[in-house]
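Visitor: Count along the sequence shown from 1, add 2, and you get the number used in my numbering. Heads up, the beta-carbon is just placed ideally off N, CA and C, and yes, glycines get one too.
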Amino acid sequence: MRTRFAPSPTGFLHVGGARTALFCHLQARHVGGTTVLRIEDTDRERSNQALVDAILDGLHWLGLDPDEGPLFQSDHTQRHTDMALKLLEEGKAYKCYCTKQELDDMRAAQQARKEKPRYDGRCRHRSEPPSDQPYVIRFKTPLEGEVVWPDMVQGTIHIANKELDDLILLRSDGSPTYNLAVVVDDHDMEITHVIRGEDHTSNTPRQIHLFQALGWDVPSYAHIPLLHGEDGSKLSKRHGAVSVLQFREEGFLASALNNYLVRMGWSHGEKEEFTMDEMVALFDVNNVGRSAAIFNTSKLLWLNGVHIRQSGPEQLRGELMWHLQRLGVDNPNPNFIDQIIPGMQERVKTMLEMAQMAMFYFKAPTEYAETAVAKHLHADILPAYAALLEKLHTVTADEWDNGGLERAFKVVMAETGAKMGKIGQPVRIAISGSDIAPGIYDILQLVGRHESLRRLEVLLSFFQQRVHGANG
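1) Should Leu-145 be labelled buried (16 or more other beta-carbon atoms within 10 Å of its own) or exposed?
2) Can you list, in chain order, the residues of its chain with a C-beta nearer than 8 Å to that of Glu-148? Leave out the 5 residues immediately preceding and following it.
3) Which class does Phe-141 belong to by DSSP, given the choice of helix, strand or coil?
4) In the DSSP assignment, find the beta strand (DSSP E) that holds Asp-122 and state where it starts and stops.
5) According to DSSP, is Leu-329 part of a helix, a strand, or is it coil?
6) Which two residues bound the contiguous alpha helix (DSSP H) that contains Cys-26?
7) Between the C-alpha atoms of Gly-471 and Phe-465, what's the straight-line distance to the nearest angstrom?
8) Residue ranges of each alpha helix (DSSP H) run of no fewer than 4 residues wholly in the segment 405-470, ordered along the chain?
9) For a quick check, are the C-beta atoms of Met-266 and Arg-21 less than 8 Å apart?
10) Look at the alpha carbon of Ala-224 and the alpha carbon of His-195, and state the distance between them as a whole number of angstroms.
11) Where Lys-88 and Leu-58 are concerned, what is the direct C-alpha to C-alpha distance, given to the nearest angstrom?
12) Which stretch, first to last residue, makes up the beta strand (DSSP E) that contains Gly-157?
13) Spatial neighbours of Met-359 within its chain, please: C-beta separation below 6 Å, excluding the five flanking residues on both sides.
14) Residues in the same chain with beta-carbon distance under 7 Å from Glu-355, minus the five sequence neighbours each way, listed in chain order, please.
15) Taking C-alpha atoms, which residue in Phe-14, His-27, Val-375 lies nearest to Met-281?
16) Are Thr-154 and Val-287 touching if we call contact CB-CB under 8 Å?
17) Give the straight-line distance between the Cα atoms of Asp-332 and Gln-427, rounded to the nearest whole angstrom.
18) If we ignore side chains and look at the alpha-carbon of each, how far apart do His-309 and Ala-23 end up?
19) In its own chain, which residues sit with a C-beta less than 8 Å from the C-beta of Val-1, not counting the 5 before and 5 after it?
20) Helix, strand or coil for Arg-81? Go by DSSP, reduced to three states.
21) Fully enclosed by the segment 197-268, which beta strand (DSSP E) runs are 3 residues long or longer?
22) Can you say whether Asp-382 is buried or exposed, counting buried as having 16 or more other CB atoms within 10 angstroms of its CB?
23) Cβ atoms of Ala-410 and Val-397: under 8 Å apart, would you say?
24) Taking Gln-209 and Val-185 to be in contact with their CB atoms under 8 Å, please state how far apart those CB atoms are, rounded to whole angstroms.
25) Should Val-150 go down as buried or exposed, given a rule of 16 or more other Cβ atoms within 10 Å for buried?
26) Could you tell me which residues DSSP puts in a beta bridge with Lys-553?
27) Based on the DSSP output, what are the partners of Leu-73 in its beta bridges?
28) Would you verify that the beta carbon of Ile-343 is, or is not, closer than 8 Å to some beta carbon of chain C?
29) Just verifying my parser: in three-state terms, what is the DSSP assignment at Ile-343?
30) Starting from the C-beta of Leu-303, find all residues in its chain whose C-beta is less than 6 Å away, skip the five residues before and the five after it, and write them out in chain order.
31) Over the uninterrupted beta strand (DSSP E) stretch that includes Trp-402, give me the two end residues.
32) Please go through the same chain and pick out, in chain order, the residues whose beta-carbon is closer than 6 Å to the beta-carbon of His-325, but skip the five residues on each side of it.
33) Near Leu-53, what residues of its chain come up, given a Cβ to Cβ distance below 8 Å and the 5 sequence neighbours on each side ignored?
34) Alpha carbon to alpha carbon, how far is Ser-300 from Thr-277? Give it in angstroms, no decimals.
35) DSSP on Val-149, reduced to helix/strand/coil?
36) Determine the contact status of Ile-425 and Val-414, defining contact as a CB-CB distance below 8 Å.
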């Protein structure tokens with residue numbers, strides 16, 4: 003089996019395209035087949051290298067690197083042209099000399115008769131005009147019968163040939179059209195299974211005709227339902243993030259996005275959570291449903307949290323480091339990253355949230371969260387906090403661990419009568435700038451004795467100023 007993902011570099015890789023790439027990847031991997039990436043860049047005006055790079059980056063982040071490619075459609079223009087000329091020589095195509103005005107008049111007359119606008123084939127038997135007259139090359143679509151194919155998702159599809167007009171193969175400037183290029187490339191790249199969005203269904207009968215006219219085997223087709231927003235309309239930018247790399251920037255894991263996308267149209271019992279290995283083992287495009295899939299960002303966010311909680315530090319390290327570097331942390335130490343991850347996994351739903359929470363490990367807070375200050379820095383707890391800071395100064399570097407820190411806290415709580423909830427939160431605010439942070443003993447150890455004591459002293463000054471200022 004050979005599948006292909008064939009995006010056009012006229013926009014970023016969006017989640018609909020990512021799901022198609024995922025389905026191609028899973029179907030091929032399921033049977034030990036091969037995936038090919040073909041960049042359909044024949045629209046030279048709208049294609050550019052930056053968008054090609056963005057597509058490659060998106061696929062790489064998702065773990066969907068192809069076995070072959072990227073191959074570029076524009077590299078095979080001569081081959082496409084040769085096949086059109088072959089069909090012309092064999093009498094399976096013809097030169098069409100219709101001017102734009104003729105075509106416009108034809109469509110206007112058809113619309114006046116309330117007919118579907120289409121080319122009427124008038125040049126099929128036209129005698130050739132002067133050689134300098136521009137022309138296109140059109141395919142002679144069969145006039146009778148129908149095209150039938152067993153779609154792996156949609157079931158058997160019948161399209162009457164009378165619904166199809168004579169497809170242009172070469173434009174008047176000699177450039178090949180989309181459907182011709184796709185057929186030639188799919189044949190030359192030995193593609194056996196074409197998995198693509200159902201918006202391509204209308205192209206399929208035209209492409210099947212070309213395969214047959216050229217004497218080539220027709221691949222198997224699977225047209226998967228499109229992604230829709232929660233309002234039922236086709237997914238677009240107005241529904242929020244649609245670019246794969248934008249989801250990364252917002253803190254989603256590739257594993258979670260893949261997991262969510264595979265469930266868009268496919269299921270395996272009641273199971274919601276899948277690893278890539280499980281998807282490869284279980285996925286079959288024949289089991290994809292026909293109805294449109296609704297993209298629900300809230301559900302994706304929930305699933306992302308599940309993946310964060312169930313992943314080991316080594317699985318999250320790279321993504322957390324990527325976000326930290328974007329937030330201004332230079333070259334974070336991987337071993338240190340592995341130590342700080344467990345304390346945050348249960349508290350966040352995105353890797354961006356984790357990176358933002360982790361910033362205090364690398365940079366001391368320059369201000370404190372107002373809600374945390376108002377809630378926890380009260381005059382009645384100031385004496386206990388000051389006593390705790392004094393006690394922590396007596397804890398040596400060798401004792402600066404869970405056991406040593408816990409003993410110091412317990413002594414002060416016994417002496418002052420303060421509860422952990424009261425005395426602990428000012429410590430958390432001092433170290434992290436917020437009352438939302440990992441365990442107190444953990445952050446004191448990870449920030450280190452010297453820096454922790456410095457931050458605790460800074461908060462003491464702030465605390466005293468706040469209390470005395472309020473009383474003064």
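Guide: Let me spell this out:
1) Locating residue 145 in the sequence shown gives position 143, counting from the first residue. Counting Cβ neighbours within 10 Å, Leu-145 comes out exposed, since fewer than 16 surround it.
2) The residue you call residue 148 lines up with position 146 of the sequence shown. If we look at Glu-148 and ignore the five residues flanking it on each side, its Cβ neighbours are His-160, Ile-161, Ala-162, Asn-163.
3) Taking the sequence shown and counting its residues from 1, one reaches residue 141 at position 139. Phe-141: strand per DSSP, three-state reduction.
4) Within the sequence shown, the letter at position 120 stands for residue 122. Segment: none, Asp-122 is in no beta strand (DSSP E) and carries neither H nor E.
5) Looking up residue 329 in the sequence shown gives position 327. Under the three-state reduction of DSSP output, Leu-329 falls in the coil class, being neither helix nor strand.
6) The count along the sequence shown starts at 1 and reaches residue 26 at position 24. 17-32 is the span of the alpha helix (DSSP H), which, as asked, contains Cys-26.
7) Taking the sequence shown and counting its residues from 1, the one referred to as residue 471 is at position 469. Taking the sequence shown and counting its residues from 1, the one referred to as residue 465 is at position 463. Cα to Cα, Gly-471 sits roughly 10 Å from Phe-465.
8) 422-434, 442-449
9) Locating residue 266 in the sequence shown gives position 264, counting from the first residue. Locating residue 21 in the sequence shown gives position 19, counting from the first residue. Taking 8 Å as the Cβ cut-off, Met-266 and Arg-21 qualify as a contacting pair.
10) On the sequence shown, residue 224 is found 222 positions in, with the first residue counted as 1. On the sequence shown, residue 195 is found 193 positions in, with the first residue counted as 1. Those two C-alpha atoms are separated by around 8 Å.
11) Along the sequence shown, read from residue 1 onward, the residue named residue 88 stands at position 86. Along the sequence shown, read from residue 1 onward, the residue named residue 58 stands at position 56. Looking at the two C-alpha atoms, the distance is approximately 35 Å.
12) For the purposes of this step, residue 157 is identified with residue 155 of the sequence shown, where counting begins at 1. Looking at the DSSP string, the run of the beta strand (DSSP E) that includes Gly-157 is 157-162.
13) As a working mapping, residue 359 is identified with position 357 in the sequence shown. Cβ neighbours of Met-359 beyond the five flanking positions: Met-346.
14) Against the sequence shown, residue 355 aligns to sequence position 353. Only Gly-253 meet the Cβ criterion.
15) The residue given as residue 281 occupies position 279 in the sequence shown. Measuring from the Cα of Met-281, the nearest candidate turns out to be His-27.
16) As a position in the sequence shown, residue 154 is number 152, starting the count at 1. As a position in the sequence shown, residue 287 is number 285, starting the count at 1. Position check: residue 154 holds Met in this sequence, whereas Thr was assumed. A contact, by the Cβ cut-off of 8 Å.
17) Translated into the one-based positions of the sequence shown, residue 332 becomes position 330. Translated into the one-based positions of the sequence shown, residue 427 becomes position 425. Computed Cα separation, rounded: 29 Å.
18) Counting from 1 along the sequence shown, the entry for residue 309 is found at position 307. Counting from 1 along the sequence shown, the entry for residue 23 is found at position 21. Whole-angstrom Cα-Cα distance: 21 Å.
19) Not covered by the structure: residue 1. The range shown for the chain is 3 to 474.
20) As a position in the sequence shown, residue 81 is number 79, starting the count at 1. Arg-81 falls in the helix class under three-state DSSP.
21) 222-226
22) If you number the sequence shown from 1, residue 382 lands on position 380. Asp-382 should be labelled exposed.
23) Position 395 of the sequence shown, counted from the start, is the residue given in the question as residue 397. Position 408 of the sequence shown, counted from the start, is the residue given in the question as residue 410. For Val-397 and Ala-410, yes; Cβs fall inside 8 Å.
24) One-based indexing of the sequence shown puts residue 209 at position 207. One-based indexing of the sequence shown puts residue 185 at position 183. Val-185 and Gln-209 do touch by the CB rule: their CB atoms are close to 5 Å apart, below 8 Å.
25) As a working mapping, residue 150 is identified with position 148 in the sequence shown. Classification for Val-150: exposed.
26) As displayed, the chain neither begins before 3 nor continues past 474, which places residue 553 out of reach and without an answer.
27) The count along the sequence shown starts at 1 and reaches residue 73 at position 71. Answer is Arg-40.
28) The structure shown contains no chain C; it holds only a single protein chain.
29) The residue labelled residue 343 in the question sits at position 341 within the sequence shown. Here Ile-343 sits in coil by DSSP.
30) For this step, residue 303 is matched to residue 301 along the sequence shown. Lys-351, listed in sequence order.
31) As a working note, residue 402 is residue 400 in the sequence shown. From DSSP, Trp-402 is part of no beta strand (DSSP E); its letter is neither H nor E.
32) Locating residue 325 in the sequence shown gives position 323, where the first residue counts as 1. Excluding positions up to five away in sequence, the list reads Met-353, Leu-354, Ala-357.
33) Position 51 of the sequence shown, counted from the start, is the residue given in the question as residue 53. Excluding sequence neighbours, Leu-53 sits near Pro-11, Thr-12, Gly-13, Phe-14.
34) The residue labelled residue 277 in the question sits at position 275 within the sequence shown. The residue labelled residue 300 in the question sits at position 298 within the sequence shown. Computed Cα separation, rounded: 20 Å.
35) As a working note, residue 149 is residue 147 in the sequence shown. DSSP places Val-149 in strand when its eight states are reduced to three.
36) The sequence position of residue 425 within the sequence shown is 423, counting from 1. The sequence position of residue 414 within the sequence shown is 412, counting from 1. Yes.
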